[in-house]
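Only one structure is covered here, and it is reproduced in the block below.
Residue numbers (this note's numbering), protein chains in the order written: chain G, 2 to 189; chain A, 5 to 374.
Okay, structure coming up:
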C-alpha cells in the first residue's frame, strides 16, 4: 500500500516537472535499462537515450486527462525501453534472436504510437524553428519557450517599445506557422 | 495592422486571456465569420503543437541535467563498456578505409557544391512545394516489414548504417552512372536497387542542391553493363501539351510504378526556368524519376510537387544534364569519368507497353544511408 502511494506521488511530481521525481526515477530504474541495453548490443549512451525517451513517453502519458497506469512504473518503463530498443536494433539491421530479459513486460503499442506521432510533430517544430534564423528564432523561443513578456523581449532585443516587439513577433510567428503547416500536413 | 490585432485576439482567446465580455463578443464574431473560425482552429492546433514542443524541450533538458548530476556523483559506472568500445575499435579498423573515402568524397562534394552555387541560382521554396523523396519513417516502416527478408538476402547497406531517405533514379550512361535528385541523398552513401530487387553499391560522384541533381556511380561487381540506352536525352526544350510519362519507385515494396500526364508549363515554381511544370500525380518517392515523352526521349527529372495543388509537379529540364556533364568535364577530379549522354535518336517502339518494358531495366530505386 505504501509503495503504491509512493508511485502515485512520483507520477504526480513527474507531471509537474519536479526534478526530485525525475531524479528518483533515474535512481531506481536506470541501472535496469543500462543492464538490458548493454547486454543487447548497445552502449551506455544508447541506454541513456532510450531511457530518456521512455521518460518522455511516461511524462506525456501522465499529462493525459484519462491517465491511468495499470502496472508498476518499473514495468512500464522497461516495456517502453524494450520496444524502443528492439526497433532501434532492427533499424540498424542488428536484430537477431529475441532479446534477453527477465523482467516482465506489458503491451505498450498504443503509447508508443502516440509517442511516435508526437515525435514527428516535435521534429517538424524543431526543424522549422531552427530554419527561421535570427532574431525570429530567439524572439519566438523567448515568448513561447521561456514565457517572457513583450516588454522584457523588447528590451532584450533592443526594440524601442513593446509594440515594436509585438510587430516583429507577429511577422516571425506568421513565417513559422507557414513553414510549420507546409510540413505538418504531409504527415496527415 | 488589422491582421496583427486579429492574430493577437485569437491568441488571447485561445490562451484564456480575455474578459468575459470580450470573450462573448469574440465568440459571436467567430460564429458569423467562417474565415476567422478557421484561423482559430488552425492556431489552436499550432499552439497545441507548440506546447508539446515546449514541454518536451524543457522536460528533456531536465532529464539531461538530472542524469548528468547523478553520473557525476558516480551513481552508475559505465563500466560494462569495455566490450563495447572494443567492438567499436574493431569496426573502426574494418571501416577505416571506407570512412576515409567517404570523408574525401564528402569534402569534394562540399567544395564542388559551393563552386556550383554560381551556376545555379534559383533556390527552392520549401513552403509551397514538396520534395518527393520518401520520408524516413516510411522507409523505416519498410525495413520493419521486410526486416527479416533484408537480413536473409544480406543487404548491401553497410552494417551500422541506417536508411534515411529514398527516391528514384535512372541510368544516363550504361557505365553505371545514375541520375537522381540531390535531396534524395540525405546521408553519406547510397545503394541502388533495380526493378528486380537486386541491390548495387554506389558512390556519390556529384551532388548539387541548387540544381537538385546528383550523380551516382554504381560500383559493384554484380553490376553488368546494360545494353545501349533505349532513350535519347533531349537537349532542346519540349512543347507545351506534350504527352509524358514517368516510371519510378514511390512505393515501399519496390514495385516500379507508371504514371502519365502532360507538360503544362515551360517554367516551374515561381517561373523557375530550369524546370517544367507537369500535370501528373506525383507521390513521395518519385523524386529523381525520369520523365519521358512518347518519342523515346528523356525530357526531365521529377523533383517536387506543389503542396496545395494536387497533380501539379515539377521536373528539372533534361538539358541540365548536359550542363552537369560539362561541369564534370571541366573539373580535374571528374573529367576522367567520361560520362557520355546519348544524343542519338532511338528508333524503338512507340507503343507504351513496349516502351515501359524497355525502359524499366534502366530505372532504379535509390536508398541513402547515413
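Backbone N, C-alpha and C define an ideal beta-carbon position, used for all residues, glycine too.
Rounded distance between the beta-carbons of residue j and residue i, thought under 8 Å
i	j	result
residue 222 of chain A	residue 206 of chain A	5 Å
residue 17 of chain G	residue 80 of chain A	At roughly 26 Å, the Cβ-Cβ gap does not stay under 8 Å, so residue 17 of chain G and residue 80 of chain A are not in contact.
residue 70 of chain G	residue 60 of chain G	The Cβ separation is near 12 Å, so there is no contact.
residue 249 of chain A	residue 260 of chain A	12 Å between Cβ atoms; not a contact.
residue 66 of chain A	residue 28 of chain G	15 Å between Cβ atoms; not a contact.
residue 345 of chain A	residue 237 of chain A	5 Å
residue 368 of chain A	residue 230 of chain A	Residue 368 of chain A to residue 230 of chain A, Cβ: 11 Å. No contact.
residue 318 of chain A	residue 280 of chain A	7 Å
residue 31 of chain G	residue 52 of chain G	6 Å
residue 183 of chain A	residue 173 of chain A	6 Å
Start and end residues, alpha helix (DSSP H) containing residue i
i	result
residue 65 of chain A	38 to 76
residue 332 of chain A	323 to 334
residue 232 of chain A	Unbroken run through residue 232 of chain A: none, as it is neither H nor E.
residue 38 of chain G	20 to 39
residue 125 of chain G	110 to 132
residue 138 of chain G	137 to 141
Contact set between residue i and chain A, taken where Cβ atoms lie within less than 9 Å
i	result
residue 93 of chain G	163, 164, 165 and 166
residue 112 of chain G	Those within 9 Å of residue 112 of chain G in chain A number zero; the least Cβ separation is about 15 Å.
residue 115 of chain G	Residues of chain A passing the Cβ test: none, with the nearest at roughly 11 Å.
Three-state secondary structure assigned by DSSP to residue i
i	result
residue 363 of chain A	helix
residue 373 of chain A	strand
residue 84 of chain G	helix
residue 301 of chain A	strand
residue 284 of chain A	coil
residue 293 of chain A	coil
residue 67 of chain G	coil
residue 183 of chain A	strand
residue 32 of chain A	helix
residue 178 of chain A	coil
residue 212 of chain A	strand
residue 348 of chain A	coil
residue 13 of chain A	helix
residue 358 of chain A	helix
residue 156 of chain A	The pLDDT assigned to residue 156 of chain A is 41, lower than 50, so where the model puts this residue is not dependable, and the model offers no usable value.
residue 1 of chain A	The shown model of chain A, from 5 to 374, leaves out residue 1 of chain A, and the question about it has no answer.
residue 20 of chain A	coil
residue 339 of chain A	helix
residue 42 of chain G	coil
residue 105 of chain G	coil
residue 190 of chain A	coil
residue 79 of chain A	coil
Listed by chain order, chain G residues near residue i by CB distance under 9 Å
i	result
residue 74 of chain A	24, 27, 28 and 31
residue 79 of chain A	27, 28, 31 and 32
residue 11 of chain A	171, 174 and 175
Continuous beta strand (DSSP E) stretch holding residue i: start and end
i	result
residue 376 of chain A	Past the edges of chain A, shown from 5 to 374, lies residue 376 of chain A, and the structure says nothing about it.
residue 185 of chain G	Element bounds for residue 185 of chain G: not the beta strand (DSSP E) but the alpha helix (DSSP H), 163 to 185.
residue 60 of chain G	Looking at the DSSP string, residue 60 of chain G is not in any beta strand (DSSP E); the run it does join, the alpha helix (DSSP H), is 45 to 63.
residue 194 of chain A	193 to 197
residue 158 of chain G	Element bounds for residue 158 of chain G: not the beta strand (DSSP E) but the alpha helix (DSSP H), 151 to 158.
Amino acids of chain G, ordered along the chain, whose beta-carbon sits closer than 8 Å to that of residue i
i	result
residue 58 of chain A	145 and 146
residue 62 of chain A	18 and 146
residue 229 of chain A	Within 8 Å Cβ-Cβ: nothing; residue 229 of chain A doesn't reach chain G, min ~29 Å.
residue 8 of chain A	167, 168 and 171
Within chain A, partners of residue i - CB distance below 7 Å
i	result
residue 123 of chain G	56, 57 and 60
residue 151 of chain G	Going along chain A, no residue has its Cβ under 7 Å from residue 151 of chain G, so there is no contact; the nearest lies around 10 Å.
residue 119 of chain G	56
residue 178 of chain G	50
residue 60 of chain G	63
Paired residues, beta bridge with residue i - DSSP
i	result
residue 266 of chain A	A/247 and A/283
residue 167 of chain A	A/373
residue 320 of chain A	A/279 and A/305
residue 207 of chain A	A/221
residue 172 of chain A	A/369
residue 2 of chain A	The requested residue 2 of chain A does not occur in the structure, where chain A is confined to residues 5 to 374.
Per-residue contacts from residue i into chain G (C-beta, under 7 Å)
i	result
residue 70 of chain A	20, 23, 24 and 27
residue 159 of chain A	94
residue 67 of chain A	23, 53 and 56
8 Å Cβ cut-off: residues of chain A touching residue i
i	result
residue 181 of chain G	50 and 53
residue 160 of chain G	Chain A residues near residue 160 of chain G: none, gap ~15 Å exceeds 8 Å.
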